[in-house]
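Chains as they are written, first to last, in this note's numbering: chain U, 10 to 247; chain P, 10 to 247. Notes to accompany the following structure.
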């Protein structure tokens with residue numbers, strides 16, 4: 010299967026870096042294809058705006074989603090967005106690898122959703138959840154935390170990790186039609202022993218390969234076809 | 010009271026822009042002080058990293074939180090971060106004004122938390138929630154959505170807005186000690202009539218002034234004192 014790992018950590022020597030390295034190694038050893046979007050290393054632009062488009066449909070009255078719809082119809086996203094969209098389209102399984110900062114993914118990964126998963130490319134009005142563009146594809150969140158499992162329990166200060174990841178799972182991934190697996194959580198990584206780290210990496214190897222095996226093969230299709238059918242029209246009505 | 014509005018929307022003509030304008034006007038008319046951090050207009054840098062510091066304690070082995078602790082002790086944050094920290098320290102009430110994108114604040118606002126609310130400035134190990142640095146201060150989330158109230162109900166696709174805002178409220182604001190009011194939600198702003206918009210703005214005027222009246226006056230203090238007492242030590246142990 011084809012796997013896209015979107016990796017968002019500033020330091021290659023981090024535990025997040027180790028998780029992505031073993032994932033690539035394990036996936037390739039099992040005959041899968043792994044592509045990594047290393048957002049920090051690639052200097053991915055983190056602010057959605059006019060700079061996302063090679064042209065603007067309406068510079069005077071700029072509306073971000075309208076510009077995205079126009080760019081999807083006319084192939085006028087800037088190169089780094091177009092490249093990420095090609096990767097997304099090709100991937101049977103989408104893996105998000107990031108540290109939990111302030112209860113959420115790093116800003117640069119949030120920005121990846123805002124800029125890459127554009128209106129007209131990843132969704133249009135009326136094509137969401139069960140009718141989402143990426144229906145049939147799988148997604149897997151792999152997150153590292155500073156807090157211990159106890160802190161993320163129902164009675165403790167942070168609450169269960171599923172509650173923390175709810176907006177990302179429900180309002181981003183499932184919104185686009187992805188089937189989202191249970192998250193892989195590496196708890197308290199600054200506080201665990203070398204043995205615990207090795208064990209965690211071994212579990213991740215097994216898990217990510219299992220996720221790739223389980224992912225249905227999707228036909229590489231261009232979701233923009235749906236925009237041509239109904240999206241532009243839907244936008245005009247909005 | 011002193012109010013800091015952190016505003017994250019790319020378009021001044023947006024409904025978010027209107028909400029911030031009426032808030033400033035209403036607060037000042039009621040004798041409060043309002044400062045706006047307009048992150049898009051100010052070109053706020055959205056990627057946390059080495060560029061946040063005027064010097065680095067340990068360039069060879071860069072660790073972001075360790076660098077933040079060092080910068081807090083040595084006053085070596087870059088100017089835009091230092092300016093935001095001054096504003097945060099001075100504010101009795103913190104207002105966050107943003108559109109809900111992919112179930113969360115825009116990346117630039119996420120980045121504001123990562124870069125401004127730095128280790129050593131906004132928290133250290135052992136000073137969180139009930140012992141958080143900003144204990145005694147109030148925070149108010151004002152969010153605009155594309156979805157209708159029905160969509161954000163318990164039975165519908167997004168779930169209640171409180172569930173969506175949980176990570177921001179609990180793992181960011183309450184983590185630092187803020188007392189967080191119930192959110193002010195402007196639902197379905199692209200779909201409502203001019204009358205509904207006017208009504209929403211009127212309710213926001215009343216609400217934000219009430220929040221400012223209710224906020225206890227905090228002594229302008231430097232949370233870095235706590236770092237000097239225990240934070241650096243705590244960091245060394247980590």
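Just so you know, even glycine gets a beta-carbon here, dropped at the ideal spot from N, CA and C.
Run of the beta strand (DSSP E) containing residue i, from where it starts to where it stops
i, result
"residue 43 of chain U", "42 to 47"
"residue 148 of chain P", "147 to 153"
"residue 193 of chain U", "193 to 195"
"residue 13 of chain U", "11 to 16"
Closest residue to residue i among the options (Cα-Cα distance)
i, options, result
"residue 102 of chain P", "P/42, P/206, P/29, P/181", "P/42"
"residue 256 of chain P", "P/83, P/150, P/58", "No answer is possible for residue 256 of chain P: it lies beyond the span of chain P, which begins at 10 and ends at 247."
"residue 220 of chain U", "U/228, U/197, U/205, U/192", "U/192"
"residue 181 of chain P", "U/16, U/17, U/39, U/114", "U/114"
"residue 126 of chain U", "U/204, U/86, U/201", "U/86"
"residue 13 of chain U", "U/135, U/190, U/29", "U/29"
"residue 200 of chain U", "U/154, U/134, U/131, U/60", "U/154"
"residue 122 of chain P", "P/61, P/84, P/217", "P/61"
"residue 52 of chain U", "U/136, U/118, U/134", "U/118"
"residue 207 of chain U", "U/54, U/27, U/131", "U/27"
"residue 110 of chain P", "U/23, U/152, U/120", "U/120"
"residue 134 of chain U", "U/168, U/106, U/75", "U/75"
"residue 22 of chain P", "U/22, U/31, U/73, U/92", "U/73"
"residue 214 of chain P", "P/10, P/25, P/11, P/35", "P/35"
"residue 106 of chain P", "P/223, P/225, P/24", "P/24"
"residue 54 of chain P", "P/217, P/124, P/209", "P/124"
"residue 93 of chain U", "U/209, U/83, U/116, U/130", "U/130"
"residue 226 of chain P", "P/156, P/144, P/211, P/205", "P/144"
"residue 108 of chain U", "U/77, U/156, U/88, U/11", "U/156"
"residue 116 of chain U", "P/179, P/56, P/223", "P/56"
"residue 152 of chain P", "P/210, P/91, P/165", "P/210"
"residue 166 of chain U", "U/84, U/228, U/112, U/31", "U/112"
"residue 81 of chain P", "P/205, P/37, P/40, P/128", "P/128"
"residue 216 of chain P", "P/203, P/63, P/190", "P/190"
"residue 40 of chain U", "U/63, U/11, U/64", "U/11"
DSSP bridge partner residues for residue i (one or two, in chain order)
i, result
"residue 132 of chain U", "U/128"
"residue 188 of chain U", "U/147"
Residue interval of the alpha helix (DSSP H) (run including residue i)
i, result
"residue 62 of chain P", "That residue, residue 62 of chain P, is in no alpha helix (DSSP H); it is neither H nor E in DSSP."
"residue 173 of chain P", "170 to 177"
"residue 25 of chain P", "24 to 38"
"residue 207 of chain P", "203 to 223"
Interface residues of chain A facing residue i [CB-CB closer than 8 angstroms]
i, result
"residue 168 of chain P", "The structure shown contains no chain A; its protein chains are U and P."
Run through the region 83 to 114 of chain P for me and flag every whole alpha helix (DSSP H) of 4 or more residues, listed as ranges in chain order.
-> Here the runs fully enclosed are 88 to 99.
Three or more C-beta pairs closer than 8 angstroms, one from the region 172 to 189 of chain U and one from the region 167 to 175 of chain P: is that the case here?
-> Per the Cβ contact rule, the region 172 to 189 of chain U is in contact with the region 167 to 175 of chain P (3 or more Cβ pairs under 8 angstroms).
For the region 13 to 26 of chain P against the region 45 to 60 of chain P, are there 3 or more C-beta pairs whose distance is under 8 angstroms?
-> Touching, per the Cβ criterion.
Would you call the region 186 to 204 of chain U and the region 137 to 148 of chain U touching, i.e. three or more CB-CB distances under 8 angstroms?
-> When Cβ pairs closer than 8 angstroms are counted between the two stretches, the region 186 to 204 of chain U is seen to touch the region 137 to 148 of chain U, the count reaching three or more.
Does the pairing of the region 196 to 206 of chain U with the region 156 to 169 of chain U give three or more beta-carbon distances under 8 angstroms?
-> Cβ pair count under 8 angstroms is three or more, so yes.
Segment contact flag, the region 87 to 102 of chain U with the region 143 to 150 of chain U, C-beta cutoff 8 angstroms, min 3 pairs = Contact between the region 87 to 102 of chain U and the region 143 to 150 of chain U is present, because at least three Cβ pairs lie under 8 angstroms.
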